[in-house]
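A quick write-up on the structure given underneath.
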Amino acid sequence: MAVQLEGVRRVFDNNHVVIDRMDLGVDAGEFLAVLGPSGCGKSTLLRMIARLSEPDSGQIRLQPNGARFETSFVFQDAHLLPWRNVLANAALPLELMGEAKPKRDERARAVLEQVGLLDALDRYPAELSGGMRMRVSLARALVTEPRLLLLDEPFAALDEITRFHLDVQLRELWQRRGMTVIFVTHSVSEAAFLANRAVVLARSGGAIKLDRRLELPAVRNNELRADPRLGQEMRLLLGAIEE
Amino acid sequence: MKKTLLAPLIPFVLLTLIAEFLVRAGFVRAYLVPAPSAVFRAMIDSRVELLQALFATSAGSLAGFVMSALTGIAIAVLLSSSRGVQRAFYPYAIFFQTVPLIAVAPLLVIWFGFGIQTVIASAFVASVFPVIANTLSGILSTDPPLRDLFKLYGASPLVTLFKLRLPAALPQLFTGLRVSAGLAVIGAIVGEFIAGGGLGSVVETARTQQRIDKVFAAVLLASLLGLALFGFINLLSHLTLRRWHASEQS
Ligand SMILES: Nc1ncnc2c1ncn2[C@@H]1O[C@H](COP(=O)(O)OP(=O)(O)O)[C@@H](O)[C@H]1O
Ligand SMILES: [Mg+2]
Numbered sequence: 010m011a012v013q014l015e016g017v018r019r020v021f022d023n024n025h026v027v028i029d030r031m032d033l034g035v036d037a038g039e040f041l042a043v044l045g046p047s048g049c050g051k052s053t054l055l056r057m058i059a060r061l062s063e064p065d066s067g068q069i070r071l072q073p074n075g076a077r078f079e080t081s082f083v084f085q086d087a088h089l090l091p092w093r094n095v096l097a098n099a100a101l102p103l104e105l106m107g108e109a110k111p112k113r114d115e116r117a118r119a120v121l122e123q124v125g126l127l128d129a130l131d132r133y134p135a136e137l138s139g140g141m142r143m144r145v146s147l148a149r150a151l152v153t154e155p156r157l158l159l160l161d162e163p164f165a166a167l168d169e170i171t172r173f174h175l176d177v178q179l180r181e182l183w184q185r186r187g188m189t190v191i192f193v194t195h196s197v198s199e200a201a202f203l204a205n206r207a208v209v210l211a212r213s214g215g216a217i218k219l220d221r222r223l224e225l226p227a228v229r230n231n232e233l234r235a236d237p238r239l240g241q242e243m244r245l246l247l248g249a250i251e252e
Numbered sequence: 008m009k010k011t012l013l014a015p016l017i018p019f020v021l022l023t024l025i026a027e028f029l030v031r032a033g034f035v036r037a038y039l040v041p042a043p044s045a046v047f048r049a050m051i052d053s054r055v056e057l058l059q060a061l062f063a064t065s066a067g068s069l070a071g072f073v074m075s076a077l078t079g080i081a082i083a084v085l086l087s088s089s090r091g092v093q094r095a096f097y098p099y100a101i102f103f104q105t106v107p108l109i110a111v112a113p114l115l116v117i118w119f120g121f122g123i124q125t126v127i128a129s130a131f132v133a134s135v136f137p138v139i140a141n142t143l144s145g146i147l148s149t150d151p152p153l154r155d156l157f158k159l160y161g162a163s164p165l166v167t168l169f170k171l172r173l174p175a176a177l178p179q180l181f182t183g184l185r186v187s188a189g190l191a192v193i194g195a196i197v198g199e200f201i202a203g204g205g206l207g208s209v210v211e212t213a214r215t216q217q218r219i220d221k222v223f224a225a226v227l228l229a230s231l232l233g234l235a236l237f238g239f240i241n242l243l244s245h246l247t248l249r250r251w252h253a254s255e256q257s
């Protein structure tokens, strides 16, 4: 699914302009990382793309549009329902969309298998590690087979090793499914490692300081983390941030 | 579990022994504080009367408590439906709580007559507010990202209420129910002082007959009733929340 922002503006409390006339196009199937300092409006941007809040002016077009529920959202923390087990948490979106129980459980089980949680179906969020909870959250987002996946600093609260695992897993899921991904992060290394294209936002007004296609191999694994090409991309992104 | 039951028994036994000693040795006058053994004897001697009274008070408290739980949750849901509704009505809920029950009880008799209805109404009035306040605060503090999630997948307000907001409010609801359980017993006894029946009446008549041992026996039973109700809610809360709420995991 392609996303087209034209002159998008968002103002809070009457005069706090968080995003000012932003233009941004994201192609179908792209993996875009959005970088920017804390408070620059990254979450605001994602929420508008997800139609969870409306821009004050400008337009956000999704193409092809028409079908509902084609967008999924992953938050900074897992935000699972603590009274539901892993399977029921992953099946929640389908349940809310009115899917029958056998069908939704089957699909939830399939997607939980993809994130390696097949042996934890009956467990409750309180019984899982932070990394497992985030994988359930990812499964919950993927269970609807979204064509647009929005992630808002999803792995920021995890330890680095768990984050490395999840980065690789997310990248694989994207390659297999070919949905559009917009990944918000404040980690330069994570942005460079994951994305095909990175956008760096200015501290205020949502101005785009850098928009770059990353020159890195399609397959991203942990070997790439020590690759000089990754270092080069990170330097470029960092340069734009510090500018 | 055993230890948590045993530990509070130790001070109880100690206090009982000390009280017994103080009364027998003449440090405390028996018409002010009876010896624990006298209270025990009063319990045995008047067991039929006391048990009947306990049963009546239990019925009154329980009925009032159940009404509080149901109405309290319903009112909290209504109040949570819109900010306007909340602004208009919540102050009255608070005001309602500050009206002294003991002053209202005679009114209840006028409205409901001498009998269990007044006792139930009194238990209800005494115990409804903590359910409203805690449930409302639980519903309102539902995690915003989860509300976004429900919105994203097109959940109606009713679905969001039953699948998200009410379950999310459960820990706080139970906090309210625990407080309100004790208050329901107090409310029932106050009602009985005025409308008659139950342990409240036993306390009243025993007092006029200078039977301080019997007063104590009835008070003790009333406390045990409150404790039992509290324990029941605790158990229910534990069974419901054990898989998911951090405070229930210790
Ligand atoms: N609902 C809101 N009401 C008022 N101000 C908000 C709201 N949401 C975000 N803001 C403000 O908008 C700015 C950008 O917030 P956000 O998009 O969360 O930034 P980021 O995700 O990049 O850290 C911040 O200054 C924040 O205080
Ligand atoms: Mg943010």
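Those protein sequences? They're chains A and B, same order as listed. Mapping of the first sequence onto this note's numbering: residues 10 to 252, in sequence order. Mapping of the second sequence onto this note's numbering: residues 8 to 257, in sequence order. Glycine included, every Cβ here is placed at the ideal spot set by N, Cα and C.
Buried or exposed by the 16-neighbour rule on C-beta atoms within 10 Å, applied to residue i
{"i": "LYS10 of chain B", "result": "exposed"}
{"i": "ALA140 of chain B", "result": "buried"}
{"i": "LEU61 of chain B", "result": "buried"}
{"i": "TRP118 of chain B", "result": "exposed"}
{"i": "SER257 of chain B", "result": "Low per-residue confidence applies at SER257 of chain B: pLDDT is 34, beneath 50, and the placement is therefore not dependable, though the value from the model is reported in the following sentence. Exposed, by the Cβ-count rule."}
{"i": "PHE224 of chain A", "result": "It is Glu, not Phe, that sits at residue 224 of chain A in the sequence shown. When all chains shown are included, GLU224 of chain A counts as exposed."}
{"i": "ASN98 of chain A", "result": "buried"}
{"i": "THR149 of chain B", "result": "buried"}
{"i": "GLU252 of chain A", "result": "exposed"}
{"i": "LEU16 of chain B", "result": "exposed"}
{"i": "LEU29 of chain B", "result": "exposed"}
{"i": "SER138 of chain A", "result": "exposed"}
{"i": "ILE51 of chain B", "result": "exposed"}
{"i": "ILE25 of chain B", "result": "exposed"}
For residue j and residue i, the rounded distance between their alpha carbons
{"i": "ILE146 of chain B", "j": "PRO41 of chain B", "result": "48 Å"}
{"i": "PHE17 of chain A", "j": "ASN24 of chain A", "result": "According to the sequence provided, residue 17 of chain A is Val. The question's Phe does not apply to it. Computed Cα separation, rounded: 16 Å."}
{"i": "ILE101 of chain B", "j": "VAL138 of chain B", "result": "12 Å"}
{"i": "GLY140 of chain A", "j": "MET106 of chain A", "result": "27 Å"}
{"i": "PHE131 of chain B", "j": "ALA76 of chain B", "result": "9 Å"}
{"i": "VAL166 of chain B", "j": "LEU85 of chain B", "result": "15 Å"}
{"i": "VAL281 of chain A", "j": "VAL43 of chain A", "result": "The structure shown has nothing for residue 281 of chain A, since chain A only spans 10 to 252."}
{"i": "ARG70 of chain A", "j": "THR182 of chain B", "result": "47 Å"}
{"i": "GLU122 of chain A", "j": "ARG186 of chain A", "result": "15 Å"}
{"i": "GLN104 of chain B", "j": "ALA133 of chain B", "result": "8 Å"}
{"i": "PHE21 of chain A", "j": "GLY67 of chain A", "result": "15 Å"}
{"i": "HIS195 of chain A", "j": "PHE164 of chain A", "result": "11 Å"}
{"i": "SER87 of chain B", "j": "LEU69 of chain B", "result": "27 Å"}
{"i": "PRO111 of chain A", "j": "ASN94 of chain A", "result": "16 Å"}
{"i": "PRO226 of chain A", "j": "ILE191 of chain A", "result": "19 Å"}
{"i": "LEU101 of chain A", "j": "GLU108 of chain A", "result": "10 Å"}
{"i": "HIS245 of chain B", "j": "VAL193 of chain A", "result": "39 Å"}
{"i": "ASP131 of chain A", "j": "GLU104 of chain A", "result": "17 Å"}
{"i": "ARG172 of chain A", "j": "GLU199 of chain A", "result": "9 Å"}
{"i": "ALA204 of chain A", "j": "ARG90 of chain B", "result": "43 Å"}
{"i": "PRO113 of chain B", "j": "ARG56 of chain A", "result": "57 Å"}
{"i": "PRO151 of chain B", "j": "LEU246 of chain A", "result": "32 Å"}
{"i": "GLN13 of chain A", "j": "ARG172 of chain B", "result": "34 Å"}
{"i": "ARG31 of chain B", "j": "LEU22 of chain B", "result": "14 Å"}
{"i": "GLN2 of chain A", "j": "SER62 of chain A", "result": "Outside the shown range of chain A, which is 10 to 252, sits residue 2 of chain A, and nothing can be said about it."}
Bridge partners - residue i, DSSP secondary structure assignment
{"i": "THR194 of chain A", "result": "A:LEU44"}
{"i": "HIS25 of chain A", "result": "A:PHE21"}
{"i": "ALA11 of chain A", "result": "A:GLN72"}
{"i": "GLY127 of chain B", "result": "Residue identity check: residue 127 of chain B is Ile in the sequence provided, not Gly. The partner list for ILE127 of chain B (beta bridge, DSSP) is empty, contrary to what the question assumes."}
{"i": "ASP161 of chain A", "result": "A:VAL193"}
{"i": "THR80 of chain A", "result": "A:LEU157"}
{"i": "VAL209 of chain A", "result": "A:LEU44 and A:LEU219"}
{"i": "MET188 of chain A", "result": "In the DSSP output, where bridge partners are listed per residue, MET188 of chain A has none listed."}
{"i": "MET31 of chain A", "result": "A:VAL17"}
{"i": "GLY214 of chain A", "result": "A:ILE28"}
{"i": "SER66 of chain A", "result": "A:ARG18"}
CB contact check: residue i to chain E, cutoff 9 Å
{"i": "ALA59 of chain A", "result": "Absent from the structure: chain E. Protein chains present are A and B."}
Cβ-based contacts, 8 Å cut-off: residues of the segment 152 to 168 of chain B near chain A: PRO152, LEU153, ASP155, LEU156, PHE157, LYS158, LEU159, TYR160, GLY161, ALA162 and VAL166
Proximal residues, the segment 102 to 118 of chain A versus chain B, C-beta separation under 9 Å: PRO102, LEU103, GLU104, LEU105, MET106 and GLY107
Within 9 Å of chain B by C-beta, residues of the segment 69 to 81 of chain A in sequence order: ARG77, PHE78, THR80 and SER81
Stretch-stretch touch, CB-based, cutoff 8 Å, three pairs: the segment 138 to 154 of chain A with the segment 78 to 94 of chain A: yes
Segment contact, 8 Å Cβ cut-off, at least three pairs: the segment 39 to 58 of chain B with the segment 180 to 197 of chain B: no
Where the segment 236 to 251 of chain B meets chain A: residues whose CB sits under 7 Å from a CB there: ARG250 and TRP251
Residues in the segment 85 to 111 of chain B having any Cβ partner in chain A nearer than 9 Å: none
Any 3 or more C-beta pairs closer than 8 Å across the segment 26 to 36 of chain B and the segment 201 to 214 of chain B: no
Contact set between the segment 201 to 214 of chain A and chain B, restricted to residues whose Cβ is under 9 Å from the partner: none
At least three beta-carbon pairs within less than 8 Å, the segment 150 to 161 of chain B to the segment 104 to 114 of chain B: no
Given 8 Å, three or more beta-carbon pairs between the segment 218 to 230 of chain B and the segment 159 to 176 of chain B: no
Residues of the segment 41 to 62 of chain B whose Cβ lies closer than 7 Å to any Cβ of chain A, in chain order: none
Contact residues within the segment 171 to 186 of chain B, judged by C-beta distance below 9 Å to chain A: LEU171, PRO174, ALA175 and LEU177
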